[in-house]
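Asker:
Residue numbers (the working numbering): -4 to 174.
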C-alpha cells in the first residue's frame, strides 16, 4: 500500500461545497482547509460555494456540479450532524446513483482514533453520480483535515496502490489528455 512513484500523478478537478447557515467565504475555515489541501496536493479547485442548510438547495448544487464536465469530484463540509437542520447526508443520497458505504466506515474509524466514542455522531458519506465522486465531511476544520489526510488524499491520487478512485473515474481519459 502506498504511492507508486513510477505512475503519473493526474490532477483531479474538485469542487468544494460548504453547507452552513452562518458562514460566508470570508470565514469558512473548513472550506479553507479543504481548498489548501486540494491545491497543495496538485489538484485543481474547480469551484467553491456555500449554501444554507436546505436539502433541496444542497441537492441542486450537487446535481449542477455533477452535470459539469469540468468537475470530477465534490467535497462538501457541514450539515452532517444529528440536528433537524443537518440534511447534507440526505441531500447527497438524493443525488447518488451508488453509495460508497466504506467511506463512512473509514471516516468513523479515523474519528474514533481522535475523538473516541463521540465519533458515533458523525455521518460522513460518499457516492457517485453521473461519473462524479461526491464526499460529505462534517463541518469542523479537524474533521476536514482528517477526511482529506486519512482518506481522500490517497483515493484521489492515481498513484495510490493497490487501488484508487481516479483509475475508475469515467473521465480519466480526459485527465490524461489534459496533461
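We treat Cβ as the ideally placed atom computed from N, Cα and C, and that holds for glycine.
Evaluate the contact criterion for the segment 64 to 80 versus the segment 116 to 132: three or more CB pairs, one atom per stretch, below 8 Å.
Answerer: Because the criterion of three Cβ pairs below 8 Å is met, the segment 64 to 80 and the segment 116 to 132 touch.
Asker: I need the DSSP call for residue 101, collapsed to helix, strand or coil.
Answerer: It is helical.
Asker: Can you check DSSP and say which residues form a bridge with residue 44?
Answerer: Answer is 12.
Asker: Can you tell which of 29, 76, 42 and 86 has the C-alpha that lies nearest to the C-alpha of residue 50?
Answerer: Nearest option by C-alpha distance: 86.
Asker: Please give the ranges of any beta strand (DSSP E) in the segment 57 to 139, keeping only runs that are unbroken, at least 3 residues long and fully inside the region.
Answerer: The segment 57 to 139 contains these whole beta strand (DSSP E) runs: 68 to 72, 120 to 124 and 127 to 132.
Asker: How would you call residue 139, buried or exposed, if buried means at least 16 neighbouring beta carbons within 10 angstroms?
Answerer: Its Cβ being crowded by 16 or more others within 10 Å, residue 139 is buried.
Asker: When you compare only the Cα positions, how much space is there between residue 117 and residue 94?
Answerer: Spanning the two alpha carbons is a distance of roughly 17 Å.
Asker: In whole angstroms, give me the CA-to-CA distance for residue 90 and residue 67.
Answerer: Residue 90 and residue 67: Cα-Cα distance of roughly 15 Å.
Asker: Specify the secondary structure class of residue -3 as computed by DSSP and reduced to three states.
Answerer: Here residue -3 sits in strand by DSSP.
Asker: Count the other CB atoms, across all protein chains shown, that sit within 10 Å of the CB of residue 15; report buried if there are 16 or more and exposed otherwise.
Answerer: When all chains shown are included, residue 15 counts as buried.
Asker: Excluding five sequence neighbours on each side, which residues of the same chain lie with their C-beta closer than 8 Å to the C-beta of residue 174?
Answerer: With a pLDDT of 49 at residue 174, under the threshold of 50, the modelled position of this residue cannot be trusted, and the question is left open.
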